[in-house]
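Residue numbers (numbering that gives the first Met the number 0), protein chains in the order written: chain A, 0 to 212; chain B, 0 to 212. So the structure is just underneath, and the comments pick up after that.
Number of protein chains: 2
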Amino acid sequence: MTAAVAKQDGCVLHLLTISYGQRHQIEMDRAKQVAQALDAASHRIVPVDLRSVAESALTGAKLVPKDRPAAGRAAGVPVTYVPARNTIFLAMAAAYAETVGAPWIYFGANVIDYSGYPDCRPDYLRAFEQVLRLGTRAGVEGRSIEIRTPLLMLTKAEIIRLGISLAAPLHLTHSCYDPSAEGKACGRCDSCLIRLEGFREAGAVDPVAYVSH
Amino acid sequence: MTAAVAKQDGCVLHLLTISYGQRHQIEMDRAKQVAQALDAASHRIVPVDLRSVAESALTGAKLVPKDRPAAGRAAGVPVTYVPARNTIFLAMAAAYAETVGAPWIYFGANVIDYSGYPDCRPDYLRAFEQVLRLGTRAGVEGRSIEIRTPLLMLTKAEIIRLGISLAAPLHLTHSCYDPSAEGKACGRCDSCLIRLEGFREAGAVDPVAYVSH
Numbered sequence: 000m001t002a003a004v005a006k007q008d009g010c011v012l013h014l015l016t017i018s019y020g021q022r023h024q025i026e027m028d029r030a031k032q033v034a035q036a037l038d039a040a041s042h043r044i045v046p047v048d049l050r051s052v053a054e055s056a057l058t059g060a061k062l063v064p065k066d067r068p069a070a071g072r073a074a075g076v077p078v079t080y081v082p083a084r085n086t087i088f089l090a091m092a093a094a095y096a097e098t099v100g101a102p103w104i105y106f107g108a109n110v111i112d113y114s115g116y117p118d119c120r121p122d123y124l125r126a127f128e129q130v131l132r133l134g135t136r137a138g139v140e141g142r143s144i145e146i147r148t149p150l151l152m153l154t155k156a157e158i159i160r161l162g163i164s165l166a167a168p169l170h171l172t173h174s175c176y177d178p179s180a181e182g183k184a185c186g187r188c189d190s191c192l193i194r195l196e197g198f199r200e201a202g203a204v205d206p207v208a209y210v211s212h
Numbered sequence: 000m001t002a003a004v005a006k007q008d009g010c011v012l013h014l015l016t017i018s019y020g021q022r023h024q025i026e027m028d029r030a031k032q033v034a035q036a037l038d039a040a041s042h043r044i045v046p047v048d049l050r051s052v053a054e055s056a057l058t059g060a061k062l063v064p065k066d067r068p069a070a071g072r073a074a075g076v077p078v079t080y081v082p083a084r085n086t087i088f089l090a091m092a093a094a095y096a097e098t099v100g101a102p103w104i105y106f107g108a109n110v111i112d113y114s115g116y117p118d119c120r121p122d123y124l125r126a127f128e129q130v131l132r133l134g135t136r137a138g139v140e141g142r143s144i145e146i147r148t149p150l151l152m153l154t155k156a157e158i159i160r161l162g163i164s165l166a167a168p169l170h171l172t173h174s175c176y177d178p179s180a181e182g183k184a185c186g187r188c189d190s191c192l193i194r195l196e197g198f199r200e201a202g203a204v205d206p207v208a209y210v211s212h
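Following this line, the structure appears as structure tokens:
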């Protein structure tokens, strides 16, 4: 979705996917298909084994609770928080941006529907830009790298409407946290529930396959 | 060296080594020996293939100039700068610190002898701490993670005197940028020259083996 916005903005796309030991390999396959669908100038898939340094339900052996009640969503940092994950992702993206000479990092963070992740908040993102201003060659030479988060303040329904208006390949996106659904979405995890609510509110039909919902 | 200071400070050591595609594998072997010598509680070696996202003389096929004149050292960002390298390292360290519940990241950056790296400067490090305050679970829950850089403002001679006073395993440290020296230090690259000057100034003999100097 975010890459589709960058393309709409007229950017040449250099896409970066981090394979971080998450349990759903399907994300990598879909990322390749998205890169192709958007005619990206380059696409790198970089393995970073976060399991060895970061404990989380997203990377570890523990199961993500499938039926976590919606009321519980807002309470604190979610179980699916991966320590410093977005900081690692943005650092890798910054290295790639410096290497290809890109002035912008497009990053798909979103704070509205799921505000428990500290590393999705605007003040965090501005702090990270300051790190890039001070800590990269590009920054000290006056070519600052800006983090663009076009989805940050949108509701899921607004994101879906935007995606449809851009003809973004929504059928290739994967949001489900449950790897046991094998190629389909489970329809029951937080991420599926939020996505389905979004499509409902947008008055659109989700093109991906679900196990149940 | 930095780990020896942390031990002296009374810390339980959880050591992290990033294998980032640098051409000298010897750094990994020495890191294991240092972890053992300092009786670390844990030591993780995490591969992060920076070659795929970051171009640099330290990670790429290009040779590091062996006889770069000393006068050239201060001019701009060195050829051995790896885009966003320390930001990636500190992000990984932050993930590990959160996972083990560590309040401090000890980081061996130094600005005196080699000030060309933007991601070694104090204002950069303070900016990164701000990222951790805002972007980690530990930070938002009031358990801030502090970056300690005990070597930051020391001259190389002061670092070596400190190492000797702490009985740090200086014989296991490796500073050389030239991988062709195979287990020895080349004695000619910037890093070797700076190290040797430091030992000379400290009035001490470097215990590692050199090809020539």
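Don't be surprised by glycine CBs; every beta carbon is placed ideally from N, CA and C.
Starting from residue i, trace the alpha helix (DSSP H) in both directions and tell me its first and last residue.
{"i": "residue 4(A)", "result": "1 to 7"}
{"i": "residue 86(A)", "result": "84 to 99"}
{"i": "residue 139(A)", "result": "136 to 139"}
{"i": "residue 33(B)", "result": "25 to 36"}
{"i": "residue 159(A)", "result": "155 to 164"}
Counting only beta-carbon atoms, is residue i nearer than 8 Å to chain A?
{"i": "residue 127(B)", "result": "yes"}
{"i": "residue 110(B)", "result": "no"}
{"i": "residue 163(B)", "result": "no"}
{"i": "residue 54(B)", "result": "yes"}
{"i": "residue 152(B)", "result": "no"}
{"i": "residue 95(B)", "result": "yes"}
{"i": "residue 27(B)", "result": "no"}
{"i": "residue 37(B)", "result": "no"}
{"i": "residue 118(B)", "result": "yes"}
{"i": "residue 176(B)", "result": "no"}
{"i": "residue 101(B)", "result": "no"}
{"i": "residue 189(B)", "result": "no"}
{"i": "residue 199(B)", "result": "no"}
{"i": "residue 41(B)", "result": "no"}
{"i": "residue 172(B)", "result": "no"}
{"i": "residue 179(B)", "result": "no"}
{"i": "residue 98(B)", "result": "yes"}
{"i": "residue 135(B)", "result": "yes"}
Between residue i and residue j, how many whole angstroms is the CB-CB distance? I'm expecting something under 8 Å.
{"i": "residue 86(B)", "j": "residue 48(B)", "result": "At roughly 16 Å, the Cβ-Cβ gap does not stay under 8 Å, so residue 86(B) and residue 48(B) are not in contact."}
{"i": "residue 40(A)", "j": "residue 105(A)", "result": "Actually they are not in contact, since the Cβ atoms of residue 40(A) and residue 105(A) sit about 14 Å apart, beyond 8 Å."}
{"i": "residue 202(A)", "j": "residue 155(A)", "result": "The Cβ separation is near 13 Å, so there is no contact."}
{"i": "residue 84(A)", "j": "residue 53(A)", "result": "7 Å"}
{"i": "residue 80(B)", "j": "residue 136(A)", "result": "6 Å"}
{"i": "residue 133(A)", "j": "residue 120(B)", "result": "7 Å"}
{"i": "residue 116(B)", "j": "residue 77(B)", "result": "7 Å"}
{"i": "residue 210(A)", "j": "residue 183(A)", "result": "5 Å"}
{"i": "residue 90(A)", "j": "residue 101(B)", "result": "Between residue 101(B) and residue 90(A) the Cβ distance is about 19 Å, and since that is not below 8 Å, they are no contact."}
{"i": "residue 130(B)", "j": "residue 110(A)", "result": "17 Å between Cβ atoms; not a contact."}
Tell me whether residue i is buried or exposed, calling it buried when 16 or more other Cβ atoms sit within 10 Å of its Cβ.
{"i": "residue 2(B)", "result": "buried"}
{"i": "residue 122(B)", "result": "exposed"}
{"i": "residue 13(B)", "result": "buried"}
{"i": "residue 30(A)", "result": "buried"}
{"i": "residue 17(B)", "result": "buried"}
{"i": "residue 128(B)", "result": "buried"}
{"i": "residue 159(A)", "result": "buried"}
{"i": "residue 69(A)", "result": "Confidence in residue 69(A) is poor, its pLDDT being 43 and thus under 50, which makes the residue's placement too unreliable to answer from."}
{"i": "residue 139(A)", "result": "buried"}
{"i": "residue 15(B)", "result": "buried"}
{"i": "residue 9(A)", "result": "exposed"}
{"i": "residue 125(A)", "result": "exposed"}
{"i": "residue 45(B)", "result": "buried"}
I'd like to know whether the C-beta of residue i is nearer than 8 Å to at least one C-beta of chain B.
{"i": "residue 61(A)", "result": "Reliability of the predicted coordinates at residue 61(A) is poor, the pLDDT of 41 falling under 50, and no value is obtained from them."}
{"i": "residue 12(A)", "result": "no"}
{"i": "residue 142(A)", "result": "no"}
{"i": "residue 107(A)", "result": "no"}
{"i": "residue 104(A)", "result": "no"}
{"i": "residue 45(A)", "result": "yes"}
{"i": "residue 83(A)", "result": "yes"}
{"i": "residue 130(A)", "result": "yes"}
{"i": "residue 80(A)", "result": "yes"}
{"i": "residue 86(A)", "result": "yes"}
{"i": "residue 20(A)", "result": "no"}
{"i": "residue 90(A)", "result": "yes"}
{"i": "residue 33(A)", "result": "no"}
{"i": "residue 209(A)", "result": "no"}
{"i": "residue 148(A)", "result": "no"}
Would you mind reading off the limits of the beta strand (DSSP E) that contains residue i?
{"i": "residue 199(B)", "result": "Note, residue 199(B): premise wrong, no beta strand (DSSP E); alpha helix (DSSP H) at 189 to 201."}
{"i": "residue 51(B)", "result": "Run containing residue 51(B): none; DSSP gives neither H nor E here."}
{"i": "residue 13(B)", "result": "13 to 18"}
{"i": "residue 104(B)", "result": "103 to 105"}
{"i": "residue 147(A)", "result": "145 to 147"}
Confirm the yes/no value for this check: CB of residue i, any heavy atom of the ligand GDP, distance under 7 Å.
{"i": "residue 175(B)", "result": "Only the bare structure without any ligand can be found here, which leaves the ligand GDP out of the picture."}
Taking three-plus beta-carbon pairs below 8 Å as touching, is the region 32 to 52 of chain A in contact with the region 86 to 97 of chain B?
Flag = yes, the region 32 to 52 of chain A and the region 86 to 97 of chain B touch.
Determine contact between the region 33 to 46 of chain A and the region 167 to 186 of chain A, defined as no fewer than three beta-carbon pairs at a distance below 8 Å.
The region 33 to 46 of chain A is in contact with the region 167 to 186 of chain A.
The region 134 to 147 of chain A touching the region 181 to 190 of chain A, judged by at least three CB pairs closer than 8 Å:
With a cut-off of 8 Å, the region 181 to 190 of chain A and the region 134 to 147 of chain A do not count as touching, because too few Cβ pairs lie within range.
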